[in-house]
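Residue numbers (this note's numbering): 29 to 173.
We put the beta carbon where it would ideally sit given N, CA and C, even for glycine.
Note that the coordinates shown come from a computational prediction; the quantities given were computed from them, not determined experimentally.
Printed below as a string of structure tokens:
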């Protein structure tokens with residue numbers, strides 16, 4: 029049975045009237061007063077969040093329609109130079125070759141993520157998982173055994 033804390037000069041705010049079908053004691057409030065605490069409601073969504081949710085599809089469409097490169101050329105050039113340092117003989121690469129490598133790499137990544145997105149939608153989800161990407165890599169790359 030439930031106890032209520034009562035000061036000497038106060039009456040209890042509620043009395044227990046019995047158990048409900050969940051086995052929880054039901055309370056009947058005397059003089060229709062509720063306890064002093066308030067149940068916290070869910071905080072309202074910030075206005076910026078709604079705007080951000082509307083901007084994401086617009087940004088995706090804009091990037092899909094553009095023909096510009098996604099990665100900055102300077103960073104991609106650094107990656108190429110870093111990979112070429114693994115060879116014994118020092119190699120130099122022409123600017124056109126780095127551009128061609130970048131176009132090919134970004135084209136491959138776009139194809140990879142398109143296929144992964146199709147697989148994710150087919151699975152009834154909106155978020156790409158690591159397993160989806162791994163499956164598409166296995167399908168595109170063939171057997172790597």
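Starting from the C-beta of residue i, find all residues in its chain whose C-beta is less than 6 Å away, skip the five residues before and the five after it, and write them out in chain order.
{"i": "residue 149", "result": "none"}
{"i": "residue 144", "result": "156, 160, 161, 164"}
{"i": "residue 104", "result": "130"}
{"i": "residue 112", "result": "119"}
{"i": "residue 154", "result": "none"}
{"i": "residue 133", "result": "none"}
Where do the ends of the alpha helix (DSSP H) carrying residue i lie?
{"i": "residue 160", "result": "158-169"}
{"i": "residue 137", "result": "123-150"}
{"i": "residue 105", "result": "101-112"}
Within a Cβ cutoff of 7 Å, which residues of the same chain sit near residue i, ignoring the five residues on either side of it in sequence?
{"i": "residue 90", "result": "none"}
{"i": "residue 80", "result": "none"}
{"i": "residue 173", "result": "A caution first: residue 173 carries a pLDDT of 46, below 50, which makes its placement in the model unreliable, though a value can still be read off. Contacts found: none."}
Just tell me which of the options has its CA closest to the CA of residue i.
{"i": "residue 126", "options": "116, 107, 168, 137", "result": "107"}
{"i": "residue 169", "options": "151, 128, 82, 137", "result": "137"}
{"i": "residue 141", "options": "109, 102, 88", "result": "88"}
{"i": "residue 147", "options": "166, 85, 79, 86", "result": "166"}
{"i": "residue 92", "options": "135, 114, 80", "result": "135"}
Would the segment 112-122 count as touching the segment 88-98 if we require 3 or more Cβ pairs under 8 Å? no
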